[in-house]
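Enquirer:
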Amino acid sequence: MRLDGMQAERLRARLRGGKPVIAGHVFLTDPEIAELLGYHGFDAVWIDAEHSAFDLNAVLAHIMACASSGTASLVRVAWNDPVRIKPVLEMGPDGIILPMVCTAEEARQAVRSCTYPPRGVRGFGPRRAIRYGALESGEYAARCEGSLLRILQIEHRVAMENLEEILQVEGVDLLVCGPCDLSASYGHLCDTRNPEMTPVYDRFAQLCRAAGMPFGVSLGAGDRASIRDWFGRGANFVGCGDDISYLDLGCRATFGFLRENGWA
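For the sequence shown, this note's numbering begins at 2 and goes up steadily by one.
1. Report the partner residues of alanine 24 according to the DSSP bridge assignment.
2. Tell me which residue opens and which closes the beta strand (DSSP E) that glycine 213 is part of.
3. My understanding is that phenylalanine 216 touches alanine 236, with C-beta atoms under 8 Å, so please give their C-beta distance in whole angstroms.
4. Taking all protein chains shown into account, decide if proline 180 is buried (16 or more other Cβ within 10 angstroms of its Cβ) or exposed.
5. Give me the DSSP bridge partner(s) of cysteine 115.
6. Taking 8 Å as the cut-off, decide whether the C-beta atoms of leucine 153 and valine 122 are in contact.
7. To the nearest angstrom, how far is the alpha carbon of valine 159 from that of valine 46?
8. Which word fits alanine 254, buried or exposed, when buried means at least 16 other C-beta atoms lie within 10 angstroms of its C-beta?
9. Rounded to the nearest angstrom, what separates proline 32 and isoleucine 98 at their Cα positions?
10. First and last residue of the beta strand (DSSP E) that includes cysteine 178?
11. Which residue marks the beginning of the beta strand (DSSP E) containing arginine 151, and which one marks its end?
12. Just how far apart, CA to CA, sit proline 127 and leucine 136?
13. With distances taken from CA atoms, which of Ala62, Asn81 and Leu220 is nearest aspartate 243?
14. For alanine 59, which residues of its own chain have a beta-carbon under 6 Å away from its beta-carbon, when the five flanking residues on both sides are left out?
15. Could you tell me which of Tyr141, Gly42 and His41 sits nearest to leucine 90, measuring between CA atoms?
16. Pull the bridge partners of alanine 73 from the DSSP assignment, please.
17. Where tryptophan 80 and tryptophan 231 are concerned, what is the direct C-alpha to C-alpha distance, given to the nearest angstrom?
18. Considering only the alpha carbon of each residue, which of Glu146, Arg260 and Val239 lies closest to valine 22?
19. Can you name, in chain order, every residue of its own chain whose Cβ lies under 6 Å from the Cβ of aspartate 182, other than the five neighbours on each side?
Here is the structure:
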C-alpha cells in the first residue's frame with residue numbers, strides 16, 4: 002500500500018495555483034457533520050479542537066468522516082505544543098492548524114513539531130497514519146511531510162509586528178488570519194470589522210503576497226461582507242462558516258418567517 006497524500010497535495014496545488022480553498026468548521030462532536038460538509042462541496046473541514054468539547058476520539062472520528070466524503074481534514078489543536086500536536090498527527094489528518102503563532106521561533110517550533118528528526122522533534126508512533134500497519138513505516142516516514150499541510154494562525158498584534166520574519170520560516174504551507182483574536186489584541190474585542198482593522202488585514206495580505214505565501218482567513222457563515230473583502234485581498238483560503246453558525250442562521254430564518262406570519 003502506498004501513502005498518496007492526495008488531499009494535502011490537492012489543496013497545496015490549489016493554494017499555489019490561485020484557486021481558492023473553501024473550508025467549513027466543525028465544533029460539535031458528531032462526525033456526521035464533517036461528512037455532511039464534505040458531501041456539500043467544501044474543499045476542507047476545519048476540525049476545531051481548540052474551542053470545542055472534542056477529545057482525541059472525537060477528532061479521529063471527524064478525520065475518518067472527512068475521508069469518507071472525500072474532503073480534506075484540517076485539525077486545529079489547542080496550542081502550538083508538540084505534546085498536543087503529536088497524537089493528532091498519528092491519526093493521519095491532511096493538515097494541522099497551529100493557533101496564536103506570534104514569532105518566527107514559534108513558527109519554527111510548529112514546523113519542528115510536525116517533522117521527524119533530524120530536522121524536527123516529532124516522535125515516531127503513527128497508527129491510522131500508516132493505515133494500522135498496512136503501510137510500511139519507512140515509506141510513511143519518507144513521504145509524510147508532503148501529505149500534511151502545516152498551517153499557522155496569525156491572531157495577535159505581536160504576530161503582525163513579526164510577520165515578515167514569520168514569513169521567512171521554511172516548511173509553512175499557509176498562514177490564516179484569525180480576525181476575532183487579532184482585533185481583540187488591538188482593543189476591538191467582538192468588533193472584527195472595526196475600521197481600524199482594515200489596514201491591519203490589508204498589510205497581512207500584502208506581506209503574504211509579496212513573500213509568495215498562500216494566506217487566508219477564518220470567518221462566520223453570515224459575514225458575507227468580510228468574505229467579499231478577503232477574496233478582494235487575494236485570499237487563497239476562506240473558512241466561511243461552522244456547524245453552529247449554520248444552525249443559528251437556519252433557526253433565525255425559520256422563526257423569522259414564522260413570526261412574520263403570526264405563527265410563532
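Even glycine gets a Cβ: it sits at the ideal position worked out from N, Cα and C. On a predicted model such as this, the values are computed, not experimentally measured, just so you know.
Expert: According to the structure data:
1. Ala45 and Gly240
2. It is not in any beta strand (DSSP E) - glycine 213 carries neither H nor E in the DSSP assignment.
3. 6 Å
4. buried
5. BP columns for cysteine 115 are empty, so no partner.
6. no
7. 28 Å
8. exposed
9. 19 Å
10. 175 to 178
11. 150 to 155
12. 10 Å
13. Leu220
14. Thr30
15. Tyr141
16. Ala45
17. 25 Å
18. Val239
19. Glu156
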